[in-house]
Amino acid sequence: MTTPSHIPQAPPDAARVTRAATLSVAPMMDWTDRHCRMLHRYLSAETLLYSEMVTSAALVRGGALHLLDFSAEEHPVALQLGGSDPKELARAARLGQQSGYAEINLNVGCPSDRVQSGCFGAVLMERPALVADCVAAMRATVNIPVTVKCRIGVDAQNPEEVLPDFLSRVVAAGCERVTIHARKAWLQGLSPKENRDIPPLDYPLVMRMKEYFPNLHISINGGVQTLEQAQRFLEAGLDGVMIGRAAYHTPTDILARADPVIFGKGAQKTPEGAVQAMLPYIEAHLSQGGRLGQVTRHMLGLFAGRPGARAWRRALSEGAHLPGAGVETVKAALALIQKQENLHDAG
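Going by the numbering used here, the sequence shown opens with residue 437, and the numbers climb by one from there.
#1: Name the residue from 544, 767, 689 and 548 whose alpha carbon lies nearest to the alpha carbon of residue 739.
#2: Using the beta-carbon count (16 or more within 10 Å), is residue 791 buried or exposed?
#3: Based on the DSSP secondary-structure assignment, which residues constitute the bridge partners of residue 527?
#4: What are the start and end residues of each continuous beta strand (DSSP E) run of 3 or more residues lying completely inside the segment 502-548, in chain order?
#5: Using only the alpha-carbon positions, how far apart do residue 566 and residue 577 sit?
#6: Under 8 angstroms by Cβ, that's how I've got residue 655 and residue 638 pegged, so tell me the actual separation to the nearest angstrom.
#7: Within 10 angstroms of its Cβ, does residue 533 collect 16 or more other Cβ (buried), or is it exposed?
#8: Just the Cα atoms here: how many angstroms apart are residue 446 and residue 624?
#9: Would you tell me roughly how many angstroms separate the C-alpha atoms of residue 773 and residue 719, rounded to the nearest one?
#10: Would you identify the three-state DSSP class for residue 482, choosing helix, strand or coil?
#11: In the DSSP assignment, the alpha helix (DSSP H) including residue 729 goes from what residue to what residue?
#12: Kindly examine the ligand NAD and report whether one of its heavy atoms sits closer than 7 angstroms to the Cβ of residue 665.
#13: Just to confirm my understanding: we take residue 443, look at its own chain, exclude 5 residues before and 5 after, and list those with CB closer than 6 angstroms. What are they?
#14: State yes or no: is the C-beta of residue 694 within less than 8 angstroms of the C-beta of residue 706?
#15: So the alpha helix (DSSP H) residue 752 belongs to, where does it begin and stop?
#16: Of the choices 564, 457, 648 and 734, whose alpha-carbon is the least far from that of residue 686?
#17: So residue 607 and residue 540 are in contact, right, with Cβ under 8 angstroms, and what is the actual spacing, rounded?
#18: Tell me whether residue 627 sits in a helix, a strand or coil according to DSSP, three-state version.
#19: Give the DSSP-derived three-state secondary structure of residue 763 in the structure shown.
#20: Is residue 585 helix, strand or coil when you go by DSSP?
#21: I need the straight-line Cα distance from residue 521 to residue 737, nearest angstrom please.
#22: Between which two residues does the alpha helix (DSSP H) holding residue 459 run?
#23: Just how far apart, CA to CA, sit residue 652 and residue 760?
#24: Pull up the distance between the alpha-carbon of residue 596 and that of residue 563, whole angstroms please.
#25: Looking at C-alpha atoms only, which residue of 754, 769, 657 and 731 is the closest neighbour of residue 462?
#26: Check whether the segment 463-483 and the segment 497-504 are in contact - that is, three or more C-beta pairs closer than 8 angstroms.
#27: How would you call residue 701, buried or exposed, if buried means at least 16 neighbouring beta carbons within 10 angstroms?
#28: My output table needs one value for residue 468: the three-state DSSP class, helix, strand or coil.
#29: What are the partner residues of residue 389, as DSSP defines its beta bridges?
#30: Thinking C-beta only, is residue 510 closer than 8 angstroms to residue 784?
#31: Would you mind giving the Cβ-Cβ distance between residue 515 and residue 542, rounded to the nearest angstrom? I have them listed as a contact below 8 angstroms.
#32: Any idea if residue 609 is buried or exposed, counting beta-carbon neighbours within 10 angstroms, 16 or more meaning buried?
#33: Hey, how far is the Cα of residue 616 from the Cα of residue 593?
#34: Determine which residues share a DSSP beta bridge with residue 621 and list them.
#35: Report the CB separation of residue 599 from residue 641 in whole angstroms; it is logged as a contact under 8 angstroms.
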């Protein structure tokens, strides 16, 4: 159930990972950890999942290999790396492959001050040649896909000019897929949170990139709220859609429907089924010394929009931190949902 990733695992083949990239959940710091990914995997067997960003320095210089831990059941799952030193990124990518990840993704989109000070993330949009060197170094080191997640530009850059040049360079270096967040990042003047909302979305520009690079697998990211919106992008010719906050806050709306709607496989999952499926995982986590809240904090949005959703969130938020909290806490919260639904139906 919770196999440490430093024990080699066989990742899915590249063709399956590419198919999975038709719909993916964005890498999100403090959110898409291994517990979150396990929940998402129970909701969708097909969607491509991403780790939180892990810096190459933490792995190579810091020896923090525990950051690579994941369960084989999460597959297909990709490792997102942050860094700008080609040799160090190559070593980190090798560690990721050895741990069993199915893809290595380079972060060229995060606008936080900490990332800028480390010369990686969105600031690398200003250094496409360096990004190409990083991709080439990783590509030469691993035999799993190397991909890039980027913005359309930063600050005063003209996206119409810089984005095609950026893509040309990373493709020539061996990048196999790109995910484009359809907003600029403002490195000065906006917080990371503001950078997710304030810069205007330019979906048509991303669509034009597919025209310019017809053989490149391009996924779009930014502002996608529903599966129906994702479908429209796919029907318009894009190869994939990456969804972030909507997949996290309303996972049932996005992920529980993803397999039949996007991939044409399987049946729609239910949040009740996901809760039941998570119980053995939670028990295993607790038996290894973990805390209930580390898992259940990712489950708060399962019943969003349904009667009892508030009671579910409150029961887990408050109960998960009480002494002795365990699976019975989760079962009791689920019972509240069922009670509220019965009352709603009776009314």
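Glycine included, C-beta positions come from ideal geometry on N, C-alpha and C.
Answer, in terms of the structure:
#1: Within the sequence shown, residue 739 is the residue found at index 303, counting from 1. Cα-wise, what sits closest to residue 739 is 689.
#2: Shown here, the chain extends from 437 to 783; a query on residue 791 therefore has no answer.
#3: Residue mapping note: residue 527 aligns to position 91 of the sequence shown, counting from 1. Looking at the DSSP assignment, residue 527 forms no beta bridge with any residue, so it has no partner.
#4: The qualifying runs are 513-518 and 540-544.
#5: To locate residue 566, count along the sequence shown from 1; it is residue 130. To locate residue 577, count along the sequence shown from 1; it is residue 141. About 17 angstroms.
#6: What you label residue 655 is simply residue 219 of the sequence shown in a count that begins at 1. What you label residue 638 is simply residue 202 of the sequence shown in a count that begins at 1. Rounded, the Cβ-Cβ distance is 15 angstroms, inconsistent with contact.
#7: Here residue 533 is taken as the residue at index 97 of the sequence shown, counted from 1. Residue 533 should be labelled buried.
#8: Mapped onto the sequence shown, residue 446 falls at position 10. Mapped onto the sequence shown, residue 624 falls at position 188. Their backbone Cα atoms lie some 42 angstroms apart in a straight line.
#9: Locating residue 773 in the sequence shown gives position 337, where the first residue counts as 1. Locating residue 719 in the sequence shown gives position 283, where the first residue counts as 1. Residue 773 and residue 719: Cα-Cα distance of roughly 21 angstroms.
#10: For the purposes of this step, residue 482 is taken as residue 46 along the sequence shown, with counting starting at 1. Residue state, collapsed to three classes: coil.
#11: To locate residue 729, count along the sequence shown from 1; it is residue 293. Per DSSP, residue 729 belongs to the alpha helix (DSSP H) from 728-732.
#12: This structure lacks the ligand NAD, and indeed carries no ligand of any kind.
#13: Taking the sequence shown and counting its residues from 1, the one referred to as residue 443 is at position 7. With a pLDDT of 46 at residue 443, under the threshold of 50, the modelled position of that residue is not reliable, and no figure is offered here.
#14: Position 258 of the sequence shown, counting from 1, holds the residue named residue 694. Position 270 of the sequence shown, counting from 1, holds the residue named residue 706. Not in contact: residue 694 and residue 706 (Cβ atoms no closer than 8 angstroms).
#15: Taking the first residue of the sequence shown as position 1, residue 752 is located at position 316. 745-755 is the extent of the alpha helix (DSSP H) around residue 752.
#16: If you number the sequence shown from 1, residue 686 lands on position 250. Ranking the options by Cα distance to residue 686, first place goes to 734.
#17: Position 171 of the sequence shown, counted from the start, is the residue given in the question as residue 607. Position 104 of the sequence shown, counted from the start, is the residue given in the question as residue 540. Separation of the CB atoms of residue 607 and residue 540 is rounded to 16 angstroms, and the pair is thereby denied contact status at 8 angstroms.
#18: Here residue 627 refers to the residue found at position 191 of the sequence shown. The answer is coil: DSSP assigns residue 627 none of H, G, I, E or B.
#19: On the sequence shown, position 327 is the one that residue 763 refers to. Helix.
#20: The sequence position of residue 585 within the sequence shown is 149, counting from 1. Of the three classes helix, strand and coil, the one that applies to residue 585 here is strand, per DSSP.
#21: In the sequence shown, residue 521 corresponds to position 85, counting from 1. In the sequence shown, residue 737 corresponds to position 301, counting from 1. Distance between the alpha carbons of residue 521 and residue 737: 38 angstroms.
#22: As a first step, residue 459 is located in the sequence shown; it is residue number 23 there, counting from the start. Where residue 459 is concerned, there is no enclosing alpha helix (DSSP H), although the beta strand (DSSP E) it sits in stretches over 459-461.
#23: What you label residue 652 is simply residue 216 of the sequence shown in a count that begins at 1. What you label residue 760 is simply residue 324 of the sequence shown in a count that begins at 1. Going from the Cα of residue 652 to the Cα of residue 760 covers about 51 angstroms.
#24: In the sequence shown, counting from the first residue as 1, residue 596 sits at position 160. In the sequence shown, counting from the first residue as 1, residue 563 sits at position 127. Approximately 16 angstroms between the Cα atoms of the pair.
#25: Locating residue 462 in the sequence shown gives position 26, counting from the first residue. Here the closest residue by C-alpha is 657.
#26: no
#27: Along the sequence shown, one-based indexing puts residue 701 at 265. The residue in question, residue 701, is exposed, as its Cβ has fewer than 16 Cβ neighbours within 10 Å.
#28: As a first step, residue 468 must be located in the sequence shown, where it is residue number 32. The answer is coil: DSSP assigns residue 468 none of H, G, I, E or B.
#29: The requested residue 389 does not occur in the structure, where the chain is confined to residues 437 to 783.
#30: For the chain, the structure presents residues 437 to 783; residue 784 sits outside this window and is missing.
#31: On the sequence shown, residue 515 is found 79 positions in, with the first residue counted as 1. On the sequence shown, residue 542 is found 106 positions in, with the first residue counted as 1. Not a contact, Cβ separation roughly 10 angstroms.
#32: Against the sequence shown, residue 609 aligns to sequence position 173. Residue 609 comes out buried.
#33: Position 180 of the sequence shown, counted from the start, is the residue given in the question as residue 616. Position 157 of the sequence shown, counted from the start, is the residue given in the question as residue 593. If I take the Cα positions, the gap works out to 16 angstroms.
#34: Your numbering for residue 621 matches position 185 in the sequence shown. 590.
#35: As a position in the sequence shown, residue 599 is number 163, starting the count at 1. As a position in the sequence shown, residue 641 is number 205, starting the count at 1. Indeed, because the Cβ distance is near 7 angstroms, the residues count as touching under 8 angstroms.
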